[in-house]
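Okay, structure first, notes after.
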Amino acid sequence: MPRLIWSPVKYRKFSVGDIIILLFIGSIIYSIATLNTIYSKPTQQIYLDLSPLKLPLYAIFSLIRMIFAYIISLIFTIVYAYTAAYKKNLEKILIPLLDILQSIPVLSFLPPVFMAVISLFPGSKIGLELTSIILIFTGQVWNMVFSFYQSLISIPRDLREAAKLLKLNPWQRFWNLELPYAAIGLIWNSMMSWAGGWFFLMACEMFTLTNQNFILPGIGSYLSFSAIEGDLTKIFYGLSTLIIVIILLDQLVWRPLIAWGQKFKIEFIQDEETYESRVLLWYRRSRIFEFIKNHIADPLKEKLNQFFVRYYTEKTLKSQNISIFPKILNIIVSSLLGLLVLRGVFGLFNLLITLPLTIWKEILTAALLTLLRVSLAVIIALLWTLPLGIKIGMNPKLSKILQPIVQIVASIPATAIFPIIIMYLINLSGGLNLASIILMLLGTQWYLLFNIIAGGMSIPKDLIEVSKLLKLDRKEQWKILILPSILPYLVTGGITAMGGAFNASIVSEYIEFQNKVIKIRGLGALITEASSTGNNALLAGSTITMAIMVVTINRLFWKRLFKKSEEMLS
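Residues in the sequence shown are numbered from 7 upward in steps of one, following my numbering.
Printed below as a string of structure tokens:
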């Protein structure tokens with residue numbers, strides 16, 4: 007079957023795609039209408055109905071939170087990465103800041119996010135919902151930002167020169183060059199972001215703050231509550247429901263997106279095996295999508311084009327008349343931001359000096375132990391994801407079989423099956439340390455695999471054919487073609503994998519099972535315990551230590567590989 011391309015199709019009066027869209031919209035409307043009745047229960051903060059009949063509704067609640075978090079993540083990704091890539095004076099601040107932000111565990115964001123949102127919506131369940139969505143956002147966004155930033159700085163020079171010759175303004179360049187060039191990596195990292203969102207869903211829908219329990223109805227809280235009670239039957243029901251949701255998302259969203267995204271692959275020779283999706287064909291035949299495209303999307307795109315053409319034309323004219331006002335405004339804004347940063351640093355310093363030296367010694371020891379577990383998890387992950395990712399990415403036929411399986415397995419929250427792992431390892435010598443490394447591995451290996459697959463998919467078919475004509479053996483092909491081509495993706499995967507492993511330490515070193523707290527010595531356990539008890543000083547000290555470790559590793563190792571990838575592609 008030839009690769010699907012955008013072309014006029016014969017629209018049916020009513021297609022399968024219309025049914026899928028209508029069912030999805032109807033489920034969202036119903037769940038929103040029902041949510042208020044569940045919240046009205048006075049015991050909501052300490053109780054959750056674990057009836058399996060509630061699982062479809064809980065799954066819809068969680069899905070809605072994930073969708074809102076992803077929309078926020080996508081907007082943040084485009085704005086942040088674009089600014090970092092093109093504002094060189096800000097890049098020196100934004101990229102190190104991104105290193106810090108992606109190294110901060112989800113639970114470390116909890117106290118400030120919760121307090122800020124609840125202060126805006128006092129006594130309202132909207133505040134809890136927004137808190138959950140923002141926490142999911144912090145588990146989704148960072149690998150997307152790294153991927154888009156890496157794509158922007160890796161655009162070949164000849165393509166940029168072509169954009170200049172065509173006199174494309176920034177909006178046209180973004181829409182016609184930058185976004186298409188980044189599409190494959192962004193799609194695969196979006197899939198990884200969803201998997202990351204599922205991974206931390208249990209912590210985002212049920213959390214403890216200053217010894218108070220907060221529960222939002224959802225599949226994550228269902229699994230979390232079942233794990234606390236040690237009810238393996240309920241855990242099985244929850245996981246089964248989650249797997250069904252993941253399979254549906256894979257078939258209805260991700261596979262169509264992957265097939266659609268192949269048209270952005272830069273190559274002169276079309277691959278004989280292409281990524282296909284029957285659902286994508288259904289969508290293209292959908293009268294609803296036809297209406298949206300013709301009456302909403304196309305007119306909106308045209309208006310945006312007209313707006314940005316006028317905007318950049320006027321901006322060019324105004325730039326000829328030098329004004330001192332923008333400079334004064336920049337100085338004022340920069341000064342205000344500087345004062346806010348100084349105030350934050352001063353407050354953090356006052357908080358940290360309250361910690362005695364014995365606590366700092368415990369934090370540093372715990373940090374080294376966590377670093378050891380994280381390093382082992384990332385190395386083990388790299389050993390198997392590199393060869394498999396390349397195999398899947400360069401072989402569309404194999405990808406058709408393995409991609410759905412990878413997506414499903416990656417999206418299953420390891421935290422949900424962790425109690426089962428604990429049951430088998432708790433009585434073994436070093437069993438808890440082994441269980442912690444396994445959970446980190448389950449939470450971090452997918453960042454590497456998805457980025458390596460995207461890198462393998464991005465290798466042009468014509469270069470592969472040239473390597474065959476040159477009769478390169480497998481070792482030479484890896485050295486000359488594969489590794490240089492996937493290096494930017496590998497670096498992105500490595501950075502986010504290590505940050506994800508540190509983030510996963512909060513759930514791999516501290517777990518509640520059968521109404522007992524099981525923990526091992528580590529930085530993640532300190533952060534989780536400090537968040538639960540409201541020990542802000544210990545939380546700040548542990549978090550800043552973790553951030554410093556991650557940033558140091560990124561500066562000394564991953565940043566150098568980033569520069570190497572830029573040089574190879576320039």
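Ideal Cβ positions, reconstructed from N, Cα and C, are used throughout, including at glycine. Small disclaimer: the values here were computed from a predicted structure and weren't measured.
Could you tell me which residues DSSP pairs with residue 525 in its beta bridges? The count along the sequence shown starts at 1 and reaches residue 525 at position 519. In DSSP, residue 525 forms a bridge with 516.
- Task: Just mark residue 532 as buried or exposed, buried being the case when its beta carbon has 16 or more other beta carbons within 10 Å.
- Result: Working through the sequence shown from its first residue, we reach residue 532 at position 526. By the 10 Å Cβ count, residue 532 comes out buried.
*asked:* DSSP has residue 221 in a bridge; who is on the other side?
replied: Position 215 of the sequence shown holds residue 221. Partner(s): 212.
Q.
For residue 212, count the other beta carbons within 10 Å of its own beta carbon; 16 or more makes it buried, fewer makes it exposed. Which is it?
A. By 1-based counting over the sequence shown, the position of residue 212 is 206. Counting Cβ neighbours within 10 Å, residue 212 comes out buried, since at least 16 surround it.
Could you check which residue in 241, 269 and 284 has the C-alpha nearest to that of residue 262?
-> In the sequence shown, residue 262 corresponds to position 256, counting from 1. Residue 262 has its Cα closest to that of 284, out of 241, 269 and 284.
Could you tell me the alpha carbon to alpha carbon distance between residue 3 and residue 447, rounded to whole angstroms? Because residue 3 is not part of the residues shown, which for the chain are 7 to 576, the question remains open.
Subject >> Residues near residue 544 by beta carbon distance below 6 Å, same chain, minus five either side >> reply: Counted from its first residue, the sequence shown places residue 544 at position 538. Correct list, in chain order: 536.
Query raised in the report: Roughly how many angstroms lie between the CA atoms of residue 497 and residue 491, to the nearest whole one?
Result: The sequence position of residue 497 within the sequence shown is 491, counting from 1. The sequence position of residue 491 within the sequence shown is 485, counting from 1. So the alpha carbons of these two residues sit roughly 11 Å apart.
Original post:
With distances taken from CA atoms, which of 354, 358, 463 and 386 is nearest residue 406?
Top reply: Your numbering for residue 406 matches position 400 in the sequence shown. Considering only alpha carbons, the answer is 463.
Notebook entry, point to check: Is residue 557 near residue 62, with beta carbons less than 8 Å apart?
Noted result: For the purposes of this step, residue 557 is identified with residue 551 of the sequence shown, where counting begins at 1. For the purposes of this step, residue 62 is identified with residue 56 of the sequence shown, where counting begins at 1. Result no, Cβ atoms of residue 557 and residue 62 do not sit closer than 8 Å.
Does DSSP put residue 478 in a helix, in a strand, or in coil?
For the purposes of this step, residue 478 is identified with residue 472 of the sequence shown, where counting begins at 1. Note: residue 478 maps to coil in three-state DSSP.
- prompt: Straight-line CA distance for residue 138 to residue 481?
  reply: Numbered from its first residue, the sequence shown carries residue 138 at position 132. Numbered from its first residue, the sequence shown carries residue 481 at position 475. Using only the alpha carbons, I get a separation of about 47 Å.
Worksheet entry | Option nearest residue 505 by Cα separation, candidates 55, 401 and 149 | Residue 505 sits at position 499 when you count from the first residue of the sequence shown. Comparing Cα-Cα distances from residue 505 to each of 55, 401 and 149, the minimum goes to 149.
Going by CA-CA distance only, name the one from 119, 469 and 205 that's closest to residue 252. On the sequence shown, position 246 is the one that residue 252 refers to. Ranking the options by Cα distance to residue 252, first place goes to 205.
_Tell me the DSSP secondary structure of residue 105 in three-state form._
Walking along the sequence shown from the start, residue 105 turns up at place 99. It is helical.
Short of 8 Å in beta carbon distance, which residues of its chain neighbour residue 257, apart from the five on each side in sequence? Order them along the chain.
The count along the sequence shown starts at 1 and reaches residue 257 at position 251. Excluding sequence neighbours, residue 257 sits near 285 and 410.
Q) Quick one: Cα of residue 186 to Cα of residue 542, how far? A) Sequence index remark: in the sequence shown, residue 186 carries index 180 (1-based). Sequence index remark: in the sequence shown, residue 542 carries index 536 (1-based). Looking at the two C-alpha atoms, the distance is approximately 44 Å.
Own chain partners of residue 8 with C-beta closer than 6 Å, once the 5 adjacent residues on each side are dropped: The residue given as residue 8 occupies position 2 in the sequence shown. Only weak support exists for where residue 8 lies, its pLDDT of 33 falling under 50; the value from the coordinates is given anyway. Here the set comprises nothing.
Would the stretch 224-240 count as touching the stretch 124-135 if we require 3 or more Cβ pairs under 8 Å?
no
Point to revise | Inter-stretch contact (C-beta, 8 Å, three-pair minimum) for the stretch 360-369 and the stretch 461-476 | key: no
Item to check | In chain order, each beta strand (DSSP E) run of at least 3 residues that lies wholly inside the stretch 345-421 | outcome: none
Item to check | Proximity to residue 122 [Cα-Cα], best of 203, 140 and 107 | outcome: The residue labelled residue 122 in the question sits at position 116 within the sequence shown. If we check each option's Cα against that of residue 122, 140 comes out closest.
request  = Indicate whether residue 201 and residue 159 have their beta-carbon atoms separated by less than 8 Å.
outcome  = Counting from one through the sequence shown, the residue named residue 201 turns up at place 195. Counting from one through the sequence shown, the residue named residue 159 turns up at place 153. For residue 201 and residue 159, no; Cβs fall outside 8 Å.
What residues in its chain sit with their C-beta under 8 Å from that of residue 559, if we drop five residues either side in the sequence?
For the purposes of this step, residue 559 is taken as the residue at position 553 of the sequence shown. Same-chain partners within the cutoff: 504.
Next on the checklist: Since residue 373 and residue 552 should fall inside the 8 Å C-beta cutoff, what is the C-beta to C-beta distance between them, to a whole number of angstroms?
Outcome noted: By one-based count along the sequence shown, residue 373 stands at place 367. By one-based count along the sequence shown, residue 552 stands at place 546. The pair is a contact, with the Cβ atoms about 7 Å apart (cut-off 8 Å).
Residue nearest to residue 309 in terms of C-alpha spacing, selected from 86, 177 and 353:
Counting from one through the sequence shown, the residue named residue 309 turns up at place 303. For residue 309, the nearest C-alpha among the options comes from 177.
Is the stretch 71-85 close to the stretch 231-239, with three or more CB pairs under 8 Å?
no
Subject >> Same chain, Cβ closer than 6 Å to residue 108, neighbours up to 5 away in sequence not counted >> reply: Here residue 108 is taken as the residue at index 102 of the sequence shown, counted from 1. Contacts found: 148 and 505.
Item checked: Contact set for residue 377: own chain, Cβ-Cβ below 7 Å, skip 5 residues either direction -> The residue given as residue 377 occupies position 371 in the sequence shown. Hits under 7 Å: 555.
**Q.** DSSP three-state assignment for residue 4, whether helix, strand or coil
**A.** What is shown of the chain runs 7 to 576, which leaves residue 4 out entirely.
Exercise for the section: Within the same chain, show all residues whose beta-carbon is closer than 6 Å to that of residue 6, passing over the 5 residues directly before and after it, in chain order. Expected result: Coverage of the chain is limited to positions 7 through 576, which leaves residue 6 absent and any answer about it impossible.
Identify whether residue 542 lies in helix, strand or coil by the three-state DSSP scheme.
Position 536 of the sequence shown, counting from 1, holds the residue named residue 542. Note: residue 542 maps to helix in three-state DSSP.
request  = Go through its chain and collect everything with a Cβ distance to residue 182's Cβ below 7 Å, but skip five positions before and after it.
outcome  = For this step, residue 182 is matched to residue 176 along the sequence shown. Once the five neighbours on either side are set aside, the close Cβ partners of residue 182 are 174.
Checklist entry - Can you tell me the Cα-Cα spacing of residue 97 and residue 151, whole angstroms? => result Within the sequence shown, the letter at position 91 stands for residue 97. Within the sequence shown, the letter at position 145 stands for residue 151. Residue 97 and residue 151: Cα-Cα distance of roughly 13 Å.
* Asked: Thinking C-beta only, is residue 386 closer than 8 Å to residue 270?
  -> The count along the sequence shown starts at 1 and reaches residue 270 at position 264. The count along the sequence shown starts at 1 and reaches residue 386 at position 380. Not a contact, by the Cβ cut-off of 8 Å.
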